[in-house]
Structures are given as structure tokens and as C-alpha cells.
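Participant: Sharing a structure, written as C-alpha cells. Questions coming.
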Amino acid sequence: SQTIHQWPATLVQPVGSPLSLECTVEGTSNPNLYWYRQAAGRGLQLLFYSVGIGQISSEVPQNLSASRPQDRQFILSSKKLLLSDSGFYLCAWSVRARDTQYFGPGTRLTVL
Amino acid sequence: AQKVTQAQTEISVVEKEDVTLDCVYETRDTTYYLFWYKQPPSGELVFLIRRNSFDEQNEISGRYSWNFQKSTSSFNFTITASQVVDSAVYFCALSGAGDYKLSFGAGTTVTVRA
Chain S
269 SQTIHQWPAT
279 LVQPVGSPLS
289 LECTVEGTSN
299 PNLYWYRQAA
309 GRGLQLLFYS
319 VGIGQISSEV
329 PQNLSASRPQ
339 DRQFILSSKK
349 LLLSDSGFYL
359 CAWSVRARDT
369 QYFGPGTRLT
379 VL
Chain P
4 AQKVTQAQTE
14 ISVVEKEDVT
24 LDCVYETRDT
34 TYYLFWYKQP
44 PSGELVFLIR
54 RNSFDEQNEI
64 SGRYSWNFQK
74 STSSFNFTIT
84 ASQVVDSAVY
94 FCALSGAGDY
104 KLSFGAGTTV
114 TVRA
């Protein structure tokens, strides 16, 4: 069966510091991978998606970037965090674009 | 563009009551997919159901049931005989045939009191 992992689970970072969140999927090959952000306990917004290694599409221009160095690894990064980057970050995977997306446990990021 | 509206922000019920969550969607696609997810206090989104636009058959899974009506662009979710463990935020979502993005509603917080 497929499993999706995210770490860290929680993170508190000062403004201006870098960020790296990691997501890995087990039990499937060549998945579509997604990063969503949920701010203020609501409203999930797609940030990035990837259909293959090195292929990243951005949905919303912002302070963040994503990379997919391996087939089942998806990384969300920032060089300098802003207060507005605080939120709950969820990684998800699917087989194809229209298929069900399965979500990881999430990372709660607080920028102070 | 896809849009999902969950007009109910919060619903509070006593255990064993039924609760219905409304979901209204907008899309220009003829082929699309509707989803419901549950987000318990732990935060992880748990997939509940996926329905494609060509299948209007209602579905029942244990205490959960879904009513899909294309004529009113609605995909409502009912929890029968609610339990405290049903307390969570429930999200309705929509994607078009070629979409990578799930368009989520704002969510409905369900609180089931013992």
C-alpha cells in the first residue's frame, strides 16, 4: 500500500530564515505530487505540483519554491521566510491529474 | 474556473443526530470530479469519496451517504447517527478532467457533543 510522509511535523522559524520541508511517497512509482497550504485553519490552496522528476509547476507566485530531486520526493523551500508564510503545509500524491489526491500528515509552520 | 461553496461554516449537533453538509459547485467542464475530505483535529486530510460527473447515483458507506444532483450542482453529504469521532472539518472539492488542482470549499466544522 502507498504511504506518504512529511517532516518535520511542526516548525517555528524566525522571519528571514530559510525553509526546507520534505515529502516522500512509498509504494508507488511516478506519482503526481502536490504542495498545498492551509492558512488560518481553512482554505486549501495549491502551491506547486509535479508530474515527474525536475518538473515543477507553480500555481501562485510567492516566496516559496519546490523541487523534485527523486521520483518520490518533493521538497518545498524558501530562502527567506515571511510572516505570511505561516500555515499548515500539506503534501499530496495522485496517480494522474484527475485521480484522487491522498494527503500526508502535514507540517505546521509558524514564522515569528 | 472551478468554484466550490460550502455555505455552512459550523454545525453543532448532539450525538446520534443526523447532520447534512451542503456543497454547491460551479464549473464549465462537462467532465469533472467531486470529492469529500475529512480533516480531524490532527490535521491530516482523509479522503472520503470521489464521484465523477457522469455518475449521479447516490452512495452510502456505513453511516455516510452522498447525494449528487447535477440539476442543482450540488453534492451533499449526510452523516447518520453522528458520533463524537465525526467531529472534524469537512471539505468538498472539485477538479476538471484535465485539472491538477483540487478546488476546495471553505470547509464546514462539525462538532458532535456527547
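Taken in order, these protein sequences are the chains called S and P. The letter at position 49 of the first sequence is residue 317 when you use this note's numbering, and the numbering goes up by one with no holes. The letter at position 74 of the second sequence is residue 77 when you use this note's numbering, and the numbering goes up by one with no holes. Even for Gly, the Cβ is constructed at its ideal location relative to N, Cα and C.
#1: So what's valine 2 of chain P in DSSP terms, helix, strand or just coil?
#2: Out of curiosity, what's the CA-to-CA distance linking glutamine 122 of chain P and leucine 314 of chain S?
#3: When you compare the CB positions of isoleucine 321 of chain S and glutamine 338 of chain S, do they come within less than 8 Å of one another, or not?
#4: Specify the secondary structure class of phenylalanine 19 of chain P as computed by DSSP and reduced to three states.
#5: Please classify phenylalanine 57 of chain P as buried or exposed, where buried requires at least 16 other C-beta atoms within 10 Å of its C-beta.
#6: At 9 Å on the CB atoms, spell out the chain S contacts of alanine 10 of chain P, in chain order.
#7: Span of the beta strand (DSSP E) holding arginine 66 of chain P?
#8: Per the DSSP calculation, arginine 336 of chain S is bridged to which residue(s)?
#9: Quick one: which chain P residues come within Cβ less than 8 Å of phenylalanine 357 of chain S?
#10: Can at least three beta-carbon pairs, one atom from the region 282–302 of chain S and one from the region 6–20 of chain P, be found at a separation below 8 Å?
#11: Strictly below 7 Å CB to CB, what residues from chain S border serine 98 of chain P?
#12: What are the uninterrupted segments assigned as alpha helix (DSSP H) that are 4 or more residues long and contained completely in the region 271–318 of chain S, given in chain order?
#13: For leucine 377 of chain S, which of helix, strand or coil comes out of DSSP?
#14: Quick one: residues in its chain with C-beta nearer than 6 Å to the C-beta of phenylalanine 356 of chain S, no 5 flanking neighbours on either side, listed in chain order?
#15: With distances taken Cα to Cα, identify the nearest neighbour of aspartate 89 of chain P among P:Gly65, P:Tyr35, P:Asp32 and P:Thr34.
#16: Could you give the distance in angstroms between the alpha-carbon of leucine 358 of chain S and the alpha-carbon of valine 115 of chain P?
#17: Does the region 40–47 of chain P come into contact with the region 77–96 of chain P, if we say contact requires no fewer than three beta-carbon pairs (one atom in each stretch) closer than 8 Å?
Facilitator: Quick answer:
#1: Here chain P has residues from 4 to 117 only, and residue 2 of chain P is not among them.
#2: Within the shown structure, residues of chain P are numbered from 4 to 117, placing residue 122 of chain P beyond reach of any answer.
#3: In this structure, glutamine 338 of chain S lies closer than 8 Å to isoleucine 321 of chain S by Cβ.
#4: Per the sequence shown, the amino acid found at residue 19 of chain P is lysine instead of phenylalanine. Secondary structure at lysine 19 of chain P: coil, using DSSP grouped into helix, strand and coil.
#5: Label assigned to phenylalanine 57 of chain P: exposed.
#6: Correct list: empty, because the minimum Cβ distance to chain S is about 14 Å.
#7: Where arginine 66 of chain P is concerned, there is no enclosing beta strand (DSSP E), because DSSP gives it neither an H nor an E.
#8: According to DSSP, which records beta bridges pairwise, arginine 336 of chain S is partnered with nothing at all.
#9: A small correction: the amino acid at residue 357 of chain S is tyrosine; phenylalanine does not occupy that position in the sequence shown. Within chain P, no C-beta atom comes less than 8 Å from the C-beta of tyrosine 357 of chain S; the nearest is roughly 10 Å away.
#10: With the cut-off at 8 Å, the region 282–302 of chain S and the region 6–20 of chain P do not touch.
#11: Around serine 98 of chain P, the beta-carbon contacts reaching into chain S at under 7 Å are Arg366.
#12: The qualifying runs do not exist here; there are none.
#13: Correct three-state label for leucine 377 of chain S: strand.
#14: Counting only Cβ-Cβ distances below 6 Å, and skipping sequence neighbours, we find Gln306, Gly374 and Arg376.
#15: Across the set P:Gly65, P:Tyr35, P:Asp32 and P:Thr34, the C-alpha of P:Gly65 shows the shortest separation from the C-alpha of aspartate 89 of chain P.
#16: Between leucine 358 of chain S and valine 115 of chain P, the C-alpha separation is close to 26 Å.
#17: As far as the Cβ criterion goes, the region 40–47 of chain P touches the region 77–96 of chain P, which means the pair count is three or higher.
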